[in-house]
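Asker: Here it is, the structure in full.
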Amino acid sequence: MCQRRTLAVEFFGKNEIYCGLININFEEMIEYQSDRSVPVRRKLINHAFPNTWDMDNNNGSKRIPLTSTSKEYFQVLKQFDDANMKGKYTQIITIERIQNERWFLQYSAHRDEFKQRFNDNSYERSLFHGCRDVTVNSIINENFNRAYAGVNGRL
Numbered sequence: 001m002c003q004r005r006t007l008a009v010e011f012f013g014k015n016e017i018y019c020g021l022i023n024i025n026f027e028e029m030i031e032y033q034s035d036r037s038v039p040v041r042r043k044l045i046n047h048a049f050p051n052t053w054d055m056d057n058n059n060g061s062k063r064i065p066l067t068s069t070s071k072e073y074f075q076v077l078k079q080f081d082d083a084n085m086k087g088k089y090t091q092i093i094t095i096e097r098i099q100n101e102r103w104f105l106q107y108s109a110h111r112d113e114f115k116q117r118f119n120d121n122s123y124e125r126s127l128f129h130g131c132r133d134v135t136v137n138s139i140i141n142e143n144f145n146r147a148y149a150g151v152n153g154r155l
């Protein structure tokens, strides 16, 4: 026997003002809010992770140090130097691949939407971020925090 599943969510607007209660019926794919209803669209996110990723069913985040002889290490180093960084550093201590499945799936969904909307791939860029080791895990798990801007150099 199939049970009917309904999810009810209270939501608040700016300044903690109560906005309402929403009921979502996932069998009928309809959202009910007070006296109106609208169809619910669910978008299946089925993105393949990069083939360089170490997928061991962790379903979380990882820091993978790249060996200084690997092809991936040299690709990242070239991108870094091409981003006008050549000659602005004295030593590279380590290059790590950050794997966070949740952030990657969100990124992939947004990337695909932008590709479709603008029909252009040239907007995608690489981000290089230097920071103290103690800050890395916070960034990986909680995303970037503007409070860290400029801590280890200029913004």
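Each residue of the sequence shown is one higher than the one before, counting from 1 in full-length UniProt numbering.
The beta-carbon is built from N, C-alpha and C at its ideal position, and this holds for glycine as well.
Determine the closest residue to Gln33 out of Arg41, Ile22, Phe26, with distance taken between C-alpha atoms.
Answerer: The residue with the shortest Cα to Cα distance from Gln33 is Ile22.
Asker: Can you say whether Ile30 is buried or exposed, counting buried as having 16 or more other CB atoms within 10 angstroms of its CB?
Answerer: Exposed, by the Cβ-count rule.
Asker: Does the separation of the CB atoms of Tyr73 and Ile95 fall below 8 Å?
Answerer: In contact: Tyr73 and Ile95 (Cβ atoms closer than 8 Å).
Asker: Tell me whether Gln33 sits in a helix, a strand or coil according to DSSP, three-state version.
Answerer: DSSP places Gln33 in strand when its eight states are reduced to three.
Asker: With a CB to CB cut of under 6 Å and the five nearest residues on each side skipped, what residues in its chain are close to Phe128?
Answerer: Closer than 6 Å at Cβ, skipping near neighbours: Phe80.
Asker: Taking Lys62 as part of the beta strand (DSSP E), name the residues at either end of that continuous run.
Answerer: Unbroken beta strand (DSSP E) run through Lys62: 61-65.
Asker: Look up Leu21 in the DSSP assignment and say whether it is helix, strand or coil.
Answerer: Here Leu21 sits in strand by DSSP.
Asker: In the DSSP assignment, find the beta strand (DSSP E) that holds Gln91 and state where it starts and stops.
Answerer: Note, Gln91: premise wrong, no beta strand (DSSP E); not H, not E.
Asker: From Met1 to Gln106, what does the alpha carbon distance come to, in whole angstroms?
Answerer: The predicted position of Met1 is uncertain, since its pLDDT is 43 and thus under 50; a value taken from the coordinates is nonetheless stated next. One C-alpha to the other measures close to 34 Å.
Asker: Leaving aside the five residues before and after Val76 along the sequence, list all residues of the same chain whose C-beta is less than 6 Å from its C-beta, in chain order.
Answerer: Ile95, listed in sequence order.
Asker: Indicate whether Ile139 and Arg63 have their beta-carbon atoms separated by less than 8 Å.
Answerer: Not a contact, by the Cβ cut-off of 8 Å.
Asker: Just how far apart, CA to CA, sit Tyr89 and Asp112?
Answerer: Approximately 34 Å between the Cα atoms of the pair.
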